[in-house]
Structures are given as structure tokens and as C-alpha cells.
Amino acid sequence: MAKTKELTEDLRLRIVAAHKSGKGYKTISKCFEVPVATVQTGGPGNHKREQGTVNGTMKKEQYIKILNNNIRQSAEKLGLGHQWTFQHDDDPKHTAKVVKKWLADKNINVLQWPSQSPDLNPIENLWRELKI
1 MAKTKELTED LRLRIVAAHK SGKGYKTISK CFEVPVATVQ TGGPGNHKRE
51 QGTVNGTMKK EQYIKILNNN IRQSAEKLGL GHQWTFQHDD DPKHTAKVVK
101 KWLADKNINV LQWPSQSPDL NPIENLWREL KI
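All letters in the sequence shown, in the order written, are residues 1 to 132 by full-length UniProt numbering.
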């Protein structure tokens, strides 16, 4: 496996700006001639996190544990400050009363997601068209 090089602060800021403008990881990777994994993490070693595995189906308790261990830290690392909105879909573990209560107790603003709604992620609609 090839070693990755550290990004200069200027290059890192340009990558972040490109991502904020809506460009995808692959496009940014090609444009700045860096690996996609580097674009996704902002550079080698910048966003270390504990990885976990879920054996079988994830339950609401596991979901809360993941949120508890990651949600605020991720917002902080992304520089979102205190005014941000969390988005997840209507998966049963996301809409469980205990999860809603946990999010409310932590004062986490959640994007309202209509049940049985079409996918609101534009890229998902594009995939459908490409498969036809």
C-alpha cells in the first residue's frame, strides 16, 4: 500500500471548500490529485475514531451508543459550532421513543423527515435513472 503524504493547510482548506460547494469526493480527488480516502477524512490521521462492529441487526440501544460516542465530536471536528441539524431517516431504530428522548435530552436539533417520503437525497434519484 502506498504511503499517503500530509496535506498542506492550504490544500486541506481548498479541499474543504470544494466539498462545501457540493463537489463529490471522486471529483475533488481527481481535481487535487489526492486519494479519495484523503478527501473523505481531510487528510491522513486527521479524524481518528473508534470503529465498532455490529453483529446482526443494529438495535436502538446500539444506535444511541454510537450517537453518544460520535455525534458531538463529529460536529466539533467539522467546525459546525452549536447551530447544526442532525439528519437520519425513518428507520425504526432512529424513530424509537428512547432515541427521540435521548436526542431531545441532548438538545440535538433533528431534521423532520416525513414518513413514506420519496428519497430526498438527490443522488439517490439519479442512481434510479442511471439503472434504467
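Cβ atoms here follow ideal geometry from the backbone N, Cα and C, with glycine treated the same way.
Just so you know, these numbers come straight off a predicted model, no measurement behind them.
Original post:
Are there 16 or more other CB atoms within 10 angstroms of the CB of I66, so buried, or fewer, so exposed?
Top reply: Here residue 66 is taken as the residue at index 66 of the sequence shown, counted from 1. Exposed, because fewer than 16 other Cβ atoms sit within 10 Å of the Cβ of I66.
**OP:** Sort K26, G22, E33 by Cα distance to L11 and report the nearest one.
**Re:** Numbered from its first residue, the sequence shown carries residue 11 at position 11. L11 has its Cα closest to that of E33, out of K26, G22, E33.
Original post:
According to DSSP, is V110 helix, strand or coil?
Top reply: As a working note, residue 110 is residue 110 in the sequence shown. If DSSP states are grouped into helix, strand and coil, V110 belongs with the strands.
Subject >> Integer Cβ distance of Y25 from V16, believed to fall under 8 Å >> reply: Against the sequence shown, residue 25 aligns to sequence position 25. Against the sequence shown, residue 16 aligns to sequence position 16. Actually they are not in contact, since the Cβ atoms of Y25 and V16 sit about 12 Å apart, beyond 8 Å.
**OP:** Inspect the beta-carbon positions of K93 and K60 and report whether they are closer than 8 Å.
**Re:** Here residue 93 refers to the residue found at position 93 when the sequence shown is read from its first residue. Here residue 60 refers to the residue found at position 60 when the sequence shown is read from its first residue. Closer than 8 Å, so yes.
Subject >> Contact set for N68: own chain, Cβ-Cβ below 8 Å, skip 5 residues either direction >> reply: Mapped onto the sequence shown, residue 68 falls at position 68. Excluding residues within five positions, the ones whose Cβ falls inside 8 Å are W102.
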